[in-house]
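S.K.: Below is a structure I'd like to ask you about.
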Amino acid sequence: MKHLPKHLRPRWRYLAVDIETWPNASFGRRAFQREVWYAAQNLLGDTGSAETDMTVLQFHDYDGTAEAIVRTRRGQTDSARAALACIDSVDDDEIRVRVRGISGTVRACEEKYIRGPPEATEQRHVVFENADRSAAVRPPRYDVEAASDGAFVGATALDFR
């Protein structure tokens with residue numbers, strides 16, 4: 009079977025996605041891909057999600073943050089951004105999703121928007137709400153362990169003065 013001529017092949021756009029979560033969250037590319045598909049289907053319906061055709065091409069997981077490149081069809085970037093904005097959790101771990109930028113090629117997307125691993129997360133003991141607690145420090149954020157159940161509270165350096 010012959011390849012389609014260049015003018016008939018689908019054209020793609022690549023979205024650089026920044027994912028932030030609590031330090032104890034652990035999920036991978038497959039779980040994030042599933043949530044992307046569910047979000048697109050719930051927001052856009054079956055035909056709309058098929059038109060956007062969102063696929064997670066790359067996924068890099070770091071301690072409490074992640075980066076991904078999501079492929080979508082050209083002309084459907086607004087729908088893809090809206091679907092990504094609907095994602096609030098992956099495998100019961102709360103996340104924040106932000107689109108850093110859109111590019112026409114994977115290489116340009118990597119060079120412009122994918123930064124690589126962030127600064128190392130540092131574990132410290134801090135005084136928060138008059139108690140000595142463990143905190144994961146990712147400047148300028150402090151994720152303070154709130155209780156013995158493993159839940160976290162987000163704080164900044166100003167909360168400790």
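This note's numbering numbers the first residue of the sequence shown as 9 and each following residue consecutively. Virtual Cβ for every residue (Gly too), placed ideally from N, Cα, C.
Compute the distance between the beta-carbons of Ala-76 and Thr-60, then report whether it is under 8 angstroms.
M.R.: no
S.K.: By Cβ distance below 6 angstroms, which residues in the same chain neighbour Trp-20 in space, the five residues on each side in sequence not counted?
M.R.: Arg-79
S.K.: One question on the structure: do Cys-117 and Tyr-46 come within less than 8 angstroms of each other, judged by their Cβ atoms?
M.R.: no
S.K.: Answer yes or no: do Glu-102 and Trp-30 have a C-beta to C-beta separation smaller than 8 angstroms?
M.R.: yes
S.K.: Rounded to the nearest angstrom, what separates Thr-85 and Val-25 at their Cα positions?
M.R.: In this structure, the straight-line span from the alpha carbon of Thr-85 to that of Val-25 is close to 13 angstroms.
S.K.: Going by C-alpha distance, which of Phe-67, Ser-34, Gly-56, Asn-32 is nearest Gln-41?
M.R.: Phe-67
S.K.: Can Glu-153 and Ala-165 be called in contact, C-beta distance under 8 angstroms?
M.R.: no
S.K.: Run through the DSSP bridge pairs and tell me what Phe-40 is partnered with.
M.R.: According to DSSP, which records beta bridges pairwise, Phe-40 is partnered with nothing at all.
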